[in-house]
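Down below is the structure, laid out as structure tokens.
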Amino acid sequence: MMKFPLFKFFSSLKLAVISILLLALVLTVATCLESLYGTRAVYVLVYGTPWFGGVLFLLGLNVLCAALARFPWKKSQTGFVLTHLGIITLLIGSFLTQKWGVDANMPVTEASQENEITLNNLVLSVTDEAKNVKKEFTITENYRENISKILSVNFGDDSQITVDRFVPRAVAERKLGESPISGLGSPAVRFELFNSKFRLEEAIFAQHPSKPTEINLGPALVTFQTLHSGEDLKKFLAPKVSKSLPPSPGFLIANLKGKEYRFTISEVQRGFVPFAGGQYEVRVDEYLPHAVVENNRLLNRSNDPINPALHLTIREANSSDSEAVEKHTIFANFPEFSTLHGAHSKKKALGFKFRMEIAKNNNPSLAIVGNQRGQLAFAQTVEGSKLYYRTQGKEGWVKAKGEILPGVITPTGWMDLQFKIQEWLPNAVEQTIPRSIEFISGSGDNYLSAIHIVESNRNLASIQSDESSGWWLFEGQGKLINIAGRELFIQFIRKKLNLPFSIFLEKFKIGTDPGTTKAASYESDVVVKDPSNGTEQKANISMNEPLKYGGYTFYQASYSIEEGRPPVSVFSVNFDPGRMIKYLGSLIMCLGILTMFYMNPHYLSLIFKRKEQSR
Amino acid sequence: MSKILLFSFFFFSLAGNATPENRPGFDFQPLAEIAIQHRGRIKPLDTFASESLQFVTGKREWKGKGPVECLVGWLFNFDREWENEEIVRINHQILKKEMGLDPEKSFFSFNELQGNEGLRRVLKEASAKSRNKERLSENEKKAVIVENQLELIGDVFTGQSFTILPNPEGGAASWFPITSLNIQGGLPYASDVTERFAITLKSMVEGFLNKDVSLWNSSSQKLAVMLSEDLARGVYPEKKILRREMHYNCLRPFRLSWIIYVMGFISLMLYWIGRKSIFQTVGLLAMVTGLAVHAYGFILRCLIAGRPPVTNMYESVIWVTWGCVFFAMLIWWAYRNSVIPTAASVFAIVGLILADNIPLVLDPSINPLEPVLRSNYWLTIHVLTITLSYAAFALSLCLGNVVMGYYVFRPTHTAHIQNYSLYMYRAMQIGVILLAAGNILGGFWADYSWGRFWGWDPKEVWALIALLLYLAVLHGRFTGWLKGFGFAATTVVSFLGVLMAWYGVNFVLGVGLHSYGFGSGGMGWVMGYVGIQVAFIVVGYLNYKKAKSTHNLDSTIFPKA
Numbered sequence: 193m194m195k196f197p198l199f200k201f202f203s204s205l206k207l208a209v210i211s212i213l214l215l216a217l218v219l220t221v222a223t224c225l226e227s228l229y230g231t232r233a234v235y236v237l238v239y240g241t242p243w244f245g246g247v248l249f250l251l252g253l254n255v256l257c258a259a260l261a262r263f264p265w266k267k268s269q270t271g272f273v274l275t276h277l278g279i280i281t282l283l284i285g286s287f288l289t290q291k292w293g294v295d296a297n298m299p300v301t302e303a304s305q306e307n308e309i310t311l312n313n314l315v316l317s318v319t320d321e322a323k324n325v326k327k328e329f330t331i332t333e334n335y336r337e338n339i340s341k342i343l344s345v346n347f348g349d350d351s352q353i354t355v356d357r358f359v360p361r362a363v364a365e366r367k368l369g370e371s372p373i374s375g376l377g378s379p380a381v382r383f384e385l386f387n388s389k390f391r392l393e394e395a396i397f398a399q400h401p402s403k404p405t406e407i408n409l410g411p412a413l414v415t416f417q418t419l420h421s422g423e424d425l426k427k428f429l430a431p432k433v434s435k436s437l438p439p440s441p442g443f444l445i446a447n448l449k450g451k452e453y454r455f456t457i458s459e460v461q462r463g464f465v466p467f468a469g470g471q472y473e474v475r476v477d478e479y480l481p482h483a484v485v486e487n488n489r490l491l492n493r494s495n496d497p498i499n500p501a502l503h504l505t506i507r508e509a510n511s512s513d514s515e516a517v518e519k520h521t522i523f524a525n526f527p528e529f530s531t532l533h534g535a536h537s538k539k540k541a542l543g544f545k546f547r548m549e550i551a552k553n554n555n556p557s558l559a560i561v562g563n564q565r566g567q568l569a570f571a572q573t574v575e576g577s578k579l580y581y582r583t584q585g586k587e588g589w590v591k592a593k594g595e596i597l598p599g600v601i602t603p604t605g606w607m608d609l610q611f612k613i614q615e616w617l618p619n620a621v622e623q624t625i626p627r628s629i630e631f632i633s634g635s636g637d638n639y640l641s642a643i644h645i646v647e648s649n650r651n652l653a654s655i656q657s658d659e660s661s662g663w664w665l666f667e668g669q670g671k672l673i674n675i676a677g678r679e680l681f682i683q684f685i686r687k688k689l690n691l692p693f694s695i696f697l698e699k700f701k702i703g704t705d706p707g708t709t710k711a712a713s714y715e716s717d718v719v720v721k722d723p724s725n726g727t728e729q730k731a732n733i734s735m736n737e738p739l740k741y742g743g744y745t746f747y748q749a750s751y752s753i754e755e756g757r758p759p760v761s762v763f764s765v766n767f768d769p770g771r772m773i774k775y776l777g778s779l780i781m782c783l784g785i786l787t788m789f790y791m792n793p794h795y796l797s798l799i800f801k802r803k804e805q806s807r
Numbered sequence: 035m036s037k038i039l040l041f042s043f044f045f046f047s048l049a050g051n052a053t054p055e056n057r058p059g060f061d062f063q064p065l066a067e068i069a070i071q072h073r074g075r076i077k078p079l080d081t082f083a084s085e086s087l088q089f090v091t092g093k094r095e096w097k098g099k100g101p102v103e104c105l106v107g108w109l110f111n112f113d114r115e116w117e118n119e120e121i122v123r124i125n126h127q128i129l130k131k132e133m134g135l136d137p138e139k140s141f142f143s144f145n146e147l148q149g150n151e152g153l154r155r156v157l158k159e160a161s162a163k164s165r166n167k168e169r170l171s172e173n174e175k176k177a178v179i180v181e182n183q184l185e186l187i188g189d190v191f192t193g194q195s196f197t198i199l200p201n202p203e204g205g206a207a208s209w210f211p212i213t214s215l216n217i218q219g220g221l222p223y224a225s226d227v228t229e230r231f232a233i234t235l236k237s238m239v240e241g242f243l244n245k246d247v248s249l250w251n252s253s254s255q256k257l258a259v260m261l262s263e264d265l266a267r268g269v270y271p272e273k274k275i276l277r278r279e280m281h282y283n284c285l286r287p288f289r290l291s292w293i294i295y296v297m298g299f300i301s302l303m304l305y306w307i308g309r310k311s312i313f314q315t316v317g318l319l320a321m322v323t324g325l326a327v328h329a330y331g332f333i334l335r336c337l338i339a340g341r342p343p344v345t346n347m348y349e350s351v352i353w354v355t356w357g358c359v360f361f362a363m364l365i366w367w368a369y370r371n372s373v374i375p376t377a378a379s380v381f382a383i384v385g386l387i388l389a390d391n392i393p394l395v396l397d398p399s400i401n402p403l404e405p406v407l408r409s410n411y412w413l414t415i416h417v418l419t420i421t422l423s424y425a426a427f428a429l430s431l432c433l434g435n436v437v438m439g440y441y442v443f444r445p446t447h448t449a450h451i452q453n454y455s456l457y458m459y460r461a462m463q464i465g466v467i468l469l470a471a472g473n474i475l476g477g478f479w480a481d482y483s484w485g486r487f488w489g490w491d492p493k494e495v496w497a498l499i500a501l502l503l504y505l506a507v508l509h510g511r512f513t514g515w516l517k518g519f520g521f522a523a524t525t526v527v528s529f530l531g532v533l534m535a536w537y538g539v540n541f542v543l544g545v546g547l548h549s550y551g552f553g554s555g556g557m558g559w560v561m562g563y564v565g566i567q568v569a570f571i572v573v574g575y576l577n578y579k580k581a582k583s584t585h586n587l588d589s590t591i592f593p594k595a
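Protein sequence lines correspond, in order, to chains W and U. First residue of the first sequence: 193, per the working numbering; consecutive thereafter. First residue of the second sequence: 35, per the working numbering; consecutive thereafter.
Structure below.
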């Protein structure tokens, strides 16, 4: 055997030392890269590359040849042979996993079923819904911003889309830009609102031709509208202040054991209202027309009834028992939610079910007056020549008004607040542009990437391939485009696969550490629905207790809970054809090392002596 | 009625610059023994007070006042005694400059920091950055710590963090802070019980403010009894359990064991100088005693935490230093050479002193685990195995340095070099088998918990690199490339792989390679060690070279069996 020089080379101990050190060096560099650019990047740069496979293969070949070179083996070499055999088995198992294994994520919303799993690979998915054709193109990831032609898809007629930029970690930044086509944009102002303690910057668009747009900014309600006539301007500068309460946004319905009690929301907003023969009292503590969750708190975003919510208190009249007071939060759009706060810590509940009905055609602008905040209103004339402003205090009285120019600091007349128009574009579009950010290790690798796409379409007038003609897609986003006479849906997503069966999430449960909101354990009750044999199988998936079905293993990986939405449980889905081989290899290797060190400490010196003799 | 009155006590304020007053004869022991629910665990108030005081001041006591006394002072009379006392420690120069503080001072008062414009500015920037997941500068990280310190003080003096009122529901239910006494019907106890409790608390406050020793002592005693007997009997932890944790706090077993190791080390060194066998006996006895105290502390900590304590850096330092001395005693048993425990004691002493003195880097508090780490058999086994291999490698490092010492000072003593190389080799063998097995067990655990046998995670990759380095040394010896000096030198150098896997992945890679964080978190210490170690090897090499020209140093094959 020793006659083949190549074999001799691959079985040499010196090569072993070199290849071990080479692997150690490569791995050292890889972990440094990971700390700089993140886990995904290091797969692209090292672990997923063919050359890294080559390094492992070299090591495996070396181990194999070294074992074969000592054939026929002596009894004293048992440990040595076992160890080397174990390493080879382990490497083979890893190869199988790398080649045919699946490692994916699967988010499932409570009370719904899912059979789609998400892989790690980024793809550009192009769907022609008219023809029901879908194609996916792999986007090569990069560890840093990549400005070069990454991918280009042709549609005939010289029409094509090109991905020409890739940003691995992007933060979306909204910017105002002049609309390239006149009449396509809307009037917009970017303004700054500040006093000595507080400063914020925001942009507002007058999207609707006749109705003002509103945004809620902490202490102020800001509006922007278009003025079509001198009459409009007069109304804008001297609005009627109505002192009556705004019309009720809707109704609150309390249900006790099938019996219903109905209140208008504005009626219960004023204070406790007795009902059910004076036995109970209810009060609305807060009405949030557009409830959103920010930092785990429910806030109001605007006065448009988009996601109306109510905080309310109900109590038993004439009772001082703490059990007799309950706080509820109800959502008009999600009537099925349990509304009671701290329900788990109560022994008995009063047993009420609440829901709300929202009045239709409720004009939100009427709700402004009597709102406990100041108002800052902007308006521009329809042809875009002049910009006006008006400020109102909390009571609704006009504090200041007139024409305004960008860059002028103007007091609002309440809370020492001042404002400045930074930019005024009579015909603007909002662009979302990614800003590339640095990777921070330790913060998880859940950054979003973004790509820039340029369309060149021969059917329209050819557009230059500069930035303004292209558009950005963030991971998870899609856009409908018209190209080569076809309507195509372009998506930038992670590759999806469909399992032959689906998982229905019955219930997601979470346990916390004593006295904290920190999750201590979480679990999911699921039903596996397999249409191939028509079975349904119940199972529980919890931390460290996975579900195995159809060759796949489902692990409880994480979850997401937002107020106002059903919980989402995230499973890690895994298919590993090399698992058993790896386990076997590990076992053999450990047995081998034990045998080697503790049964015969001189094994290597014996091998050497024999080798020297054989020379 | 008394409920409403109670808290008016806490807030009446007489502006003044009074400092914390002395209260001779006041007994704080009954309060130290009451239970508090804090950070997901029920612990004695003593633990909470020590951790809080340490976090704010970096000290174990403040001007002769114990932690419980300080906390009670913050709670009952913050605005008169404490708000102008300089207790908040800030060391970061740039932050102090940013905040307009005196750069010469390290301690500042609550009043001086509260509402500091510079701090607010830095924090605002920091929170904008963390929302965008951008990296915080060192300055901003320190500002966040200062914010947390102030918040902690605030939560103490408002009573918010005194969650000492047990929830009768038990289990994971939240306990109530004493501020709940102010809320009508805010507590689930019978109203007469609540009333009596409030009255007792009120007389405690009176006793404290009026410096009435007997009123304080009797009412605090009474309060402690009421808490454990009257409010939620079945739920309240047993006295035994609370006392055990206080015993652990008070004994400080790991400090005790390093003191004993130091005595052992000195005694063994005296033996090497004077060759009086009594010193050897005493030294070895001290090592065994130290090991026993060390183990006792470890077991206490297991009982308190309810799990094997190997999930943070502090706990692993405790475990690895124990393992190092333990393996040293094992190898001593086989070869009866007391240089082995002497060498190991150096590592144990350095490790334990560090663990005892840098709480910001090595956090000694006992906290609940992440969900995935809970009640997991494989986790415990694999972490214990891997860290135990670090202990064996640490021993081989110590012995390797003994060999290096011979090359530096007595390069021609080949017989000794041979012996110590053999011991070093034995330690390395223990390490290799444990690390190989530990890596594999880690694979089992990852597969079992995440569905991934091997995920190229930096922690596991570095454990593999450490293993590869030692394997390269073992194989290199048989190629003939590594002889006496080379073998010892590469063994010592390979420990850098362990250091990286153990410490570096969390503290160096964890904060990123090019951040200002490089110097913090003990990086200076580690780099200092590496520098000295490399210098030692270089000097050893030069002396070895010089001696080699006149003596045949590498003629003997070693280690001999």
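Yeah, the Cβ is synthetic: ideal placement off N, Cα and C, and Gly gets one too. Bear in mind that the values here come from a model prediction, so they are computed numbers and not experimental data.
Taking ALA461/U as reference, the option from ARG486/U, GLY434/U, TRP479/U and ALA471/U with the minimal CA-CA separation is GLY434/U.
Under DSSP, the beta-bridge partners assigned to TYR581/W are PHE570/W and GLY594/W.
Close CB contacts of LYS451/W within its chain, under the 6 Å cut and outside five residues either way in sequence, are absent. One Cα belongs to GLU754/W, the other to PHE700/W, and the distance between them is close to 13 Å. Across the structure, ALA480/U and PHE244/W are spaced so that their CA atoms are roughly 22 Å apart. Cβ atoms of ALA320/U and SER301/U come within 8 Å of each other, at about 6 Å.
Within chain U, no residue has its beta carbon less than 9 Å from that of VAL294/W; the closest one is some 10 Å off.
One Cα belongs to PHE763/W, the other to VAL300/W, and the distance between them is close to 8 Å. The residues GLY777, ILE780, MET781 and GLY784, in chain order, have a CB closer than 6 Å to that of GLY278/W in the same chain once the five nearest residues on each side in sequence are set aside. When DSSP states are grouped into helix, strand and coil, ILE342/W belongs to the strand group. At least one CB of chain U lies nearer than 8 Å to the CB of TYR747/W. TRP265/W is classed as exposed because its beta carbon has fewer than 16 other beta carbons within 10 Å across all chains shown. In this structure ILE464/U is in contact with PHE361/U, their Cβ atoms being roughly 6 Å apart against a cut-off of 8 Å. The Cβ of ILE499/U sits closer than 8 Å to at least one Cβ of chain W. For PHE746/W against VAL719/W, the beta-carbon gap comes to about 12 Å, at or over 8 Å, which does not count as contact. Under the DSSP assignment, GLN463/U falls in the alpha helix (DSSP H) whose first and last residues are 448-484.
The criterion of a C-beta distance shorter than 8 Å is not satisfied by THR81/U and ILE121/U. Chain W places a beta carbon closer than 8 Å to that of PHE487/U, counting this residue as a contact. For PHE89/U, no CB of chain W lies under 8 Å from its own CB, so it is not counted at the interface with that chain.
A Cβ of chain W is located within less than 8 Å of the beta carbon of ARG75/U. About 14 Å separates the beta carbons of PHE681/W and GLY668/W, which is beyond the 8 Å limit, so they are not a contact pair. From the listed residues LEU343/W, LEU253/W, LEU491/W and SER694/W, the smallest Cα separation to GLY726/W is found for SER694/W. Three or more Cβ pairs drawn from the region 609-622 of chain W and the region 566-578 of chain W lie within less than 8 Å of each other, which places the two stretches in contact.
Annotated three-state conformation of VAL344/U is coil, per DSSP. By the CB criterion at 8 Å, LEU368/W and ALA620/W fall inside the cutoff. Contacts between ALA506/U and chain W, judged by CB atoms closer than 8 Å, involve VAL209, ILE212, LEU213 and ALA216 in chain order.
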